[in-house]
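For the sequence shown, this note's numbering assigns the number -8 to the initial residue and increments by one for each residue that follows.
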Amino acid sequence: MIKTGLVCLLFIFISRLTFAQSITYSTEEKPVTEIIADLESQYDLHFSYAPKYLRGKTASLAVTDEPLASVLINLLGQIQLTYRELEGGYITIIPHESIPVQLQLVDRETGQSLPFATVRIAGSQRGYVSDADGRFNFLLEEPAGLSLEFSFLGYRPQYILADTLAGYSQATLALAPNVTALSEVLIREYITNGIQTDERGTTVTIKPQEMAILPGLSERDILLSAQIIAGVGSTDETASGINVRGSGRDNTFIYWNNIPIYSASHYFGNISAFIPATIGGLEIYKNYIPVAYGNSSA
């Protein structure tokens, strides 16, 4: 706490010392940027400004032992600008009609800051982004009649007239979460033609003759077609290496007309051993196994 107090006192002391200087300066019509550069070099001042405010602006100045505040009012008044004193002795040049916006966005329920939120000037594309603590700190030009839209993903936006922020320092704005209730979704068709399922979703029937050929294949493949069903896949991306619900390949049994098939593929497992034209349908059992196939888990 002692160190913080010393730092704050040091900033105040530097600022007071800067504006306590007496300025002597004389020049005829001259670019304002050059006048400011002269003041910075001769009196150890520090100015900040947007180049567009001083571009092409000229002024004349003749002062003797005048306070810095009077000199700045005289100089900037010629080009319809003003100034604001900042911490550390810095001076920022701003338009007459401008206000600083210093505001933090927080969650209304928890009070936590909302990082990288956005504020947009309503009706325009101009906007700003807050820092990691949800704080905005920018200068708003010509605020009269402007409406600011503060927003954050998942929260209801809030609109504030810019004029109401004048005079506030480090204000806090709370946004309320935007809760949206989704309507019921009813699926009437399951994936595509040629695939049917029972009401419980435990048995899926594939009719290869009614299905379209899968992308990348020259003809229908019964086992590759089975892998488009949710919960059915192949860890090695082969036709026969089928896993159901994450089970191992050894737990998956394939029957053809109730006959167990132990080698269901050709060409190193890349294609099925079944001729698509001879298969009327493929039944996939998930979550439960009929008694007739009790020695398998899928």
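All C-beta atoms, glycine included, are put in the ideal place defined by N, C-alpha and C.
Computed from a prediction, not measured in an experiment: that's the story for all the values here.
Using a Cβ-Cβ cutoff of less than 8 Å, which residues in the same chain neighbour residue i once the five nearest sequence positions on both sides are dropped?
{"i": "G118", "result": "T109, V110, R111, I112"}
{"i": "Y159", "result": "Q93, L94"}
{"i": "T155", "result": "none"}
{"i": "S121", "result": "Q95, L96, L105, P106, F107, A108, T109, V110, F127"}
{"i": "A283", "result": "N249"}
{"i": "I178", "result": "none"}
{"i": "T269", "result": "none"}
{"i": "Y81", "result": "H37, F38, S39"}
{"i": "L208", "result": "L215"}
Considering only DSSP beta bridges, list what residue i is partnered with.
{"i": "Q218", "result": "Q218 pairs with nothing; no bridge assigned."}
{"i": "G118", "result": "R111"}
{"i": "I245", "result": "I252"}
{"i": "E25", "result": "According to DSSP, E25 bridges with nothing at all."}
{"i": "E274", "result": "T196"}
{"i": "V223", "result": "V235"}
{"i": "T18", "result": "L52"}
{"i": "S104", "result": "V97"}
{"i": "L30", "result": "None, per the DSSP bridge assignment."}
{"i": "L208", "result": "Its beta-bridge partners do not exist; DSSP assigns none."}
{"i": "Q371", "result": "This structure gives no information on residue 371, because the portion of the chain shown stretches from -8 to 289."}
{"i": "I186", "result": "I197"}
{"i": "T229", "result": "The partner list for T229 (beta bridge, DSSP) is empty, contrary to what the question assumes."}
{"i": "T163", "result": "Q95"}
{"i": "P362", "result": "With the chain running from -8 to 289 in the structure shown, residue 362 is simply not present."}
{"i": "P168", "result": "Y146"}
Looking only at its chain, what residues have a beta carbon closer than 6 Å to the beta carbon of residue i, apart from the 5 residues adjacent to it on each side?
{"i": "L0", "result": "Since pLDDT at L0 reaches only 39, below the 50 mark, its modelled position is unreliable, and the value read off the structure follows with that caveat. There are no such residues."}
{"i": "S51", "result": "E19, E20"}
{"i": "S17", "result": "A53"}
{"i": "T196", "result": "Q187, G272, E274"}
{"i": "K48", "result": "V23, I70"}
{"i": "S142", "result": "T109, P148"}
{"i": "A123", "result": "P106"}
{"i": "A167", "result": "R99, R147"}
{"i": "Q161", "result": "Q93"}
For residue i, tell me which candidate among the options has the shortest Cα-Cα distance.
{"i": "L63", "options": "G79, G47, E31", "result": "E31"}
{"i": "L105", "options": "R147, Q69, L77", "result": "R147"}
{"i": "R99", "options": "T49, Q33, L164", "result": "L164"}
{"i": "D35", "options": "I27, A41, P42", "result": "I27"}
{"i": "T83", "options": "S39, T49, Q116, G136", "result": "S39"}
{"i": "L139", "options": "A60, A123, S115, T243", "result": "S115"}
{"i": "Q12", "options": "L59, V176, G47, K48", "result": "L59"}
{"i": "G222", "options": "G79, T243, Q71, A123", "result": "T243"}
{"i": "P281", "options": "T194, A172, E190, E25", "result": "T194"}
{"i": "D189", "options": "P251, R236, Y279, A135", "result": "Y279"}
{"i": "I70", "options": "P134, E78, Y44", "result": "Y44"}
{"i": "G224", "options": "N65, K277, G47", "result": "K277"}
{"i": "W247", "options": "T171, I233, F265, G47", "result": "F265"}
{"i": "N184", "options": "R191, K198, E175", "result": "K198"}
{"i": "R236", "options": "G47, R46, I220", "result": "I220"}
{"i": "A41", "options": "T49, Q33, T24, D29", "result": "T24"}
{"i": "E78", "options": "K48, H37, R46", "result": "H37"}
{"i": "G136", "options": "G145, Y150, L144", "result": "Y150"}
{"i": "V170", "options": "L214, G145, V176", "result": "G145"}
Near residue i, what residues of its chain come up, given a Cβ to Cβ distance below 7 Å and the 5 sequence neighbours on each side ignored?
{"i": "K15", "result": "Reading the sequence as shown, one finds Thr at residue 15 and not Lys. Here the set comprises V54, T55, D56."}
{"i": "V97", "result": "Q103, S104, L105, G125, T163, A165"}
{"i": "L152", "result": "S138"}
{"i": "A172", "result": "none"}
{"i": "A217", "result": "I197, V223, I233, L273, I275"}
{"i": "T226", "result": "G232, N234"}
{"i": "I252", "result": "I245, Y246"}
{"i": "E299", "result": "Past the boundaries of the shown model lies residue 299; the chain is included only from -8 to 289, so the question cannot be answered."}
{"i": "R7", "result": "Summary for R7: the model assigns pLDDT 47, below 50, so the residue's position carries little reliability, and this model does not support an answer."}
Would residue i count as contacting chain D if we go by Cβ distances under 8 Å?
{"i": "N242", "result": "This model lacks chain D altogether, as it is built from one protein chain only."}
With a threshold of 7 Å (Cβ to nearest heavy atom), would residue i be considered close to the ligand MG?
{"i": "G118", "result": "Among the components of this structure there are no ligands whatsoever, and the ligand MG is therefore not found."}
* Asked: How about the segment 126 to 140 and the segment 91 to 103: do they share at least three Cβ pairs that are nearer than 8 Å?
  -> In this structure the segment 126 to 140 touches the segment 91 to 103; the number of beta carbon pairs closer than 8 Å is three or more.
* **Continuous beta strand (DSSP E) assignments of at least 3 residues falling wholly in the segment 125 to 161** => If we require 3 residues or more, the beta strand (DSSP E) runs fully inside the segment 125 to 161 come out as 126 to 132, 138 to 142, 149 to 152.
* To do: Would you list, in sequence order, the uninterrupted alpha helix (DSSP H) runs of no fewer than 4 residues that lie entirely inside the segment 38 to 102?
  => Complete alpha helix (DSSP H) runs here, min 4: 42 to 45, 59 to 68.
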